[in-house]
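Q: If you're matching positions, the sequence shown starts at 3 in our numbering and goes up one per residue. Beta carbons are placed, not taken as given, at the ideal position from N, Cα and C, and that holds for glycine. Predicted, not measured: the structure shown is a model, and the values here were computed from it. Have a look at this one.
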Amino acid sequence: MWLKLTINLSLFAAIAYTRIPYTLAQQIKADVYLPLNQRTQVTNNSPNFQIDGGATQSTNLFHSFSEFSVPVGGEAFFNNATTVQNIISRVTGSIPSNIQGTIRANGTANLFLINPQGIIFGPNARLNIGGSFIASTASSVTFADGIEFSATNPDATPLLTINQPIGLQFGTNPGRIENQSRTTDSLNQLIGLQVQTNTTLALVGGDLTLTGGVLTAPNGRIELGSVGSNSVVNLTSTSIGYTLNYEGVNDFQNINLRQRATATTIGSLGGSIHLQGANISLTDGSLVQVGIFGNGIGEGLTVNASESVQLIGSNNRLFTLNEGTAISGDLTITSPRLLLQDGAEVVSSTTGVRKSGNLNIHTSELLQVTGSGSRLFTQTESTAANAGNSGNLTIHTGNLLIQNRGQITVNTLGAGDGGNLTVNATKSVELVGRDSRLLTQAQGLGNTGNLTITTPILRISDGAQVSVSTLGAGNGGNLSVNTSESTQLIGRSQDGQFASGLFNQAESQATGNAGNIIITSPVLRILDGAQVSLSTLGVGNGGNLTVNTSESTQLIGRSQDGQFASGLFNQTQGSGNAGNIIITSPVLRILDGAQVSLGTLGTGNGGNLTVNTSESTQLIGRSQDGQFASGLFNQTESQATGNSGDLTINTPILQVFDGAQVSAGTLGAGNGGNLTVNTTETVELIGRSSDQTFPSGLFSQTQGTGDAGAIRITTPELRILDGAEISAATLATGKGGNVIIKASDNLRVQNGSQISVSSTENVAEAGNIDVTAGLVQLDGGKITAQTLSGNGGDIRLSIANLLFLRRGSTISTTAGTNASGGDGGNIKIKIPNGFVVAIPSENTDITANAFTGSGGRIDITAQNLFGIQSRPFNTPTSDITASSEFGINGVVNINTPDVDPARGVLVLSTNIIDSSQLIEQSCAAVNSSQGSQLTVAGRGGLPVDPNEPLSSEVVWSDTRLRNRTAQIYPHRATHTQLPKVVDIPNLIPATGWIFNNQGQVKLVAHTSTATSNTSLSIPTCHNR
């Protein structure tokens, strides 16, 4: 689309270059269409022309020419009375006007020059008039009483009027206007076509070209309009001349400023410029500028295009400037498409003590900013205490595309506050490539403005950035993203140095606080090293990072070189406190080394990291090289003295797989925060990294003098499988954190997985483990509280039903793992309505051991223990021990109810029974000649009813009594005296059933013949 537009404009430019030979049109001739005694009189003193006569109506003076051209070095002098306010002149002939000299008039009269054939102002063209100058290729000037002063129908009557002109009526194919004027003033400054201060300079025609030409209206107004056939442009008289209104125009033509063309209204009181056309372009260093350096009120710069506005190349500018105490006007561009390319700029700036104007962009289809140096920006530069604020930059567009180092910024370099940057795109916002930016920034005393993006789709890739920052004493603004479809942040710059993403920060020299980042979107995807980052490097506090998605939040992978994680980050490196990270989404997925990280590297405290998902939270895998875990992290770094914040996850399902991690810790003097997980369905921690080096899991640790925080898990079901871990550890002098688990249904620790609290330093204390669960199953798993030389932590298990230990599982509070001091921790297991079950040969242990310190205390309360027993030391079987290698043994206290396990048990014969005798007689013959049989051989139980199958969920246990010698251990606290076995009469098992005469079922001990109930035959007993 842009290519097509460029070709069309190039064709137009070629046409515009066509010159009318000066020798063919360098004279002024009057026509004969005015009344005889009121005709224009031209005196030719070549190269000068004096114009007298004309028709005067009140303050209006009418002139009519057949030709109107001024040769090089010549002058057209309108010798009017000074009482005249408007000189209205027309050219009725067929030759365009070619102005190569000066147009002069007396007094302060406004001068209208209309020539439907076209008007060219050459390089030496100059104006010397006291009022406004309106040059147009309109066919007539219209007045309030309906009169038209027509150049194409000069015989029309009545001809003249005393009313003010109110419009320009165009005919078919209006002629073009070109300005090449580059004249200078007495100071050798370029002025081109210049009118007096506080007046209007207007060029209104068909195609309009400024080829190196300059237009100057100090403190006044410049109107450039390009219209098509049969258009009507309305005129409104103002204190500085005229304003033009194009509401009645449906067909516009093109405006082209090239070869350093300039239009400016800079002055002490300010002015305004209005451009109106179809395609408006600035090339070759052209400039349209509105400026004020006094105390006036500027009206600003307005550009309206029905098709496109293009600024191509460096030093092409649309510019408003406030250098005084005045109020600057706004810069507004309205067009379907706006292109800034290869260094072009649209700028609203103030260096004074008053606010700069706002910059407003309205593009219904596309705003494209591309190429190094291409910028849309507003800024304030004054360092004065009363410096003006920067204006706001507001964009309304269909699509916004920023690429190849293009930028849209709002900046304050002084004491004034920065304005807000607001983008509203109905289709998409896309930023591509390094240094392509949307930016609000404060580098002085002023505050940074807010940056807000509202669009269906936001896509930032290849190192492009959306950023809010403060480098001075001012506070940072907020960065808000609102998308109705998706937000996508992808990759880094080609050199890997710049992440694509959203950023809000207070830099190292800043004393102000950073603002917030708020993302609201159905889907947020951050890929390949892209980031959302909020930080403070100075003394100010960091802001909050808030993500709200209605479908999913996905953080995936790292940069191509593996050095930078995709993710969400909030940290402080100075004395300021970090803000929080809050994620609210149905689904959060963090994969392949991506991270959510919150921390402090300075004296400030870290913030809280909170995840709220309504469906699931999934953390899976590590980076390709295995060095970086996918996960959630909240910690203080080694040089930090501040405390880490808390990490909280609220979700139905939490899944942490394949080496992914959730970690809260401290590496410095500050304390670590707590890690809290609340789920309504399940927590699954499964597996290790692909090289088996790093476990999946939940971790809280301290590697400094600060204490680690606690791990708290509340869930119906907690599954820790295949080497995954829950660990609260101290690796330095700080205290280890506690692990608190509430699993209302069950807790499974399986296949090398573990729950642990530990200390690896001589003086450090490990935390405790508290578990409340319906059922706890350890199958090759561990629950441990271990110290290097300090006291072991305590383990407390409160279980509703069953503690089931399999295949080398361990519950241990070991102290002094380096063969040094430290007492063993205590273990307390409460299962008042359940059992402890283990397999004797599988070496599952419950231990509270020590080396040189005392052993700990083990208290177990249960209905009974099966397959595990208390021993003075560990054996290859399943043991309960509280020993010390070189110190005092601990205490084992097992509390079971006073129940005689032999009560009601029959003494069975030890004689081997022939299996042929085990024929079940309840399979009765259906008739007297046929029988049924059921043979049971081997070990195992029988069903309650031979008509029913064995249950698949029966747990087999061997209840045989073995001859053994009772041993009394000095650390056993209680013994239960078994009561005397009472003989119970032998019971004869029933072998059949019959109906008695009352219709009741009776069990019998002999074979019955089925007589009347053949329909009740047992289907599992086959006839033979």
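Please tell me whether, using a cut-off of 8 Å, the distance from the CB of F701 to the nearest non-hydrogen atom of the ligand NAP is below it.
A: What this structure holds is no ligand at all, so the ligand NAP is not there to describe.
Q: Could you check which residue in S66, T61, F659 and Q29 has the C-alpha nearest to that of Q40?
A: Relative to Q40, the option among S66, T61, F659 and Q29 whose CA is nearest is S66.
Q: Tell me, which residues are paired with I404 by DSSP?
A: V371 and L433
Q: Whole angstroms are fine: how far does the CA of N740 sit from the CA of L677?
A: Between L677 and N740, the C-alpha separation is close to 10 Å.
Q: Flag this pair as yes or no: are the beta carbons of T322 and V292 separated by less than 9 Å?
A: yes
Q: Buried or exposed: where does N607 fall if 16 or more other Cβ atoms within 10 Å of its Cβ makes it buried?
A: By the neighbour-count rule (16 or more Cβ atoms within 10 Å), N607 is buried.
Q: Report the partner residues of G601 according to the DSSP bridge assignment.
A: Q573 and Q637
Q: My parser needs the beta strand (DSSP E) runs of 3 or more residues fully inside the segment 680-756; what are they?
A: 699-704, 713-723, 727-732 and 741-752, all fully within the segment 680-756.
Q: Would you kindly work out how many angstroms separate the C-alpha atoms of V206 and I136, rounded to a whole number?
A: 8 Å
Q: Helix, strand or coil for L38 per DSSP?
A: helix
Q: Would you tell me roughly how many angstroms separate the C-alpha atoms of L415 and G446, rounded to the nearest one?
A: 5 Å
Q: So who's on the other strand from A864, going by DSSP bridges?
A: I833
Q: With 16 other CB atoms within 10 Å as the buried threshold, where does F151 fall?
A: buried
Q: On a CA-only basis, which of V86, S239 and F70 is nearest A146? Give me that one, please.
A: S239
Q: Cβ atoms of N426 and V412: under 9 Å apart, would you say?
A: no
Q: Can you tell me which of S96, V229 and L320 puts its alpha carbon nearest to the alpha carbon of T264?
A: L320
Q: I'd like to know whether the C-beta atoms of I722 and G699 end up nearer to each other than 9 Å.
A: yes
Q: Between F79 and N50, which are expected to be in contact by the criterion C-beta below 8 Å, what is the C-beta distance as a whole number of angstroms?
A: 7 Å
Q: Going by C-alpha to C-alpha distance, which of G56, I592, T653 and G754 sits closest to G623?
A: I592
Q: Ends of the beta strand (DSSP E) at S482?
A: L481 to I492
Q: Under DSSP, the beta strand (DSSP E) around P338 begins and ends at which residues?
A: L333 to Q343
Q: Leaving aside the five residues before and after T58 along the sequence, list all residues of the same chain whose C-beta is less than 8 Å from its C-beta, in chain order.
A: Q40, F64, A83 and V86
Q: Grab me the residues of T681's own chain with a C-beta within less than 7 Å of its C-beta, minus the 5 sequence neighbours each way, in chain order.
A: T653, P654, I655, L656 and T717
Q: Can you tell me whether G250 is buried or exposed, with buried defined as 16 or more other CB within 10 angstroms of its CB?
A: exposed
Q: Would you kindly work out how many angstroms separate the C-alpha atoms of T2 and N324, rounded to a whole number?
A: In the structure displayed, the chain extends from 3 to 1026; residue 2 sits before or after that span and is not available.
Q: Identify the residues that DSSP records as bridge partners of F659: which are they?
A: For F659, which the question treats as bridged, DSSP gives the partners I622 and I688.
Q: So what does A580 bridge to, in DSSP terms?
A: Within the DSSP secondary-structure output, A580 pairs in no beta bridge.
Q: Looking at the structure shown, is S283 part of a helix, part of a strand, or coil, going by DSSP?
A: In the three-state scheme derived from DSSP, where H, G and I count as helix and E and B as strand, S283 is classed as strand.
Q: Scan the segment 227-315 and note each continuous alpha helix (DSSP H) run of 4 residues or more that stays entirely inside, going in chain order.
A: none
Q: Could you tell me the alpha carbon to alpha carbon distance between F379 and E347, rounded to whole angstroms?
A: 8 Å
Q: Taking the Cβ atom as the reference point for each residue, do G689 and A710 lie within a distance shorter than 9 Å?
A: no
Q: Check whether the Cβ atoms of I528 and S482 lie closer than 9 Å to each other.
A: No, they are not a contact pair.
Q: Classify A840 as buried or exposed, calling it buried when 16 or more other Cβ atoms lie within 10 Å of its own Cβ.
A: Counting every other CB atom within 10 Å of its CB across the protein chains shown gives A840 a total of 16 or more, marking it as buried.
Q: Count the other C-beta atoms from every protein chain shown that fall within 10 angstroms of the C-beta of L189, then say buried if there are 16 or more, exposed otherwise.
A: exposed
Q: Can you tell me which of I848, H398, L611 and N866 puts its alpha carbon nearest to the alpha carbon of R873?
A: The residue with the shortest Cα to Cα distance from R873 is I848.
Q: Whose CA, out of R809, Y244 and Q102, lies closest to the CA of P2?
A: The shown model of the chain, from 3 to 1026, leaves out residue 2, and the question about it has no answer.
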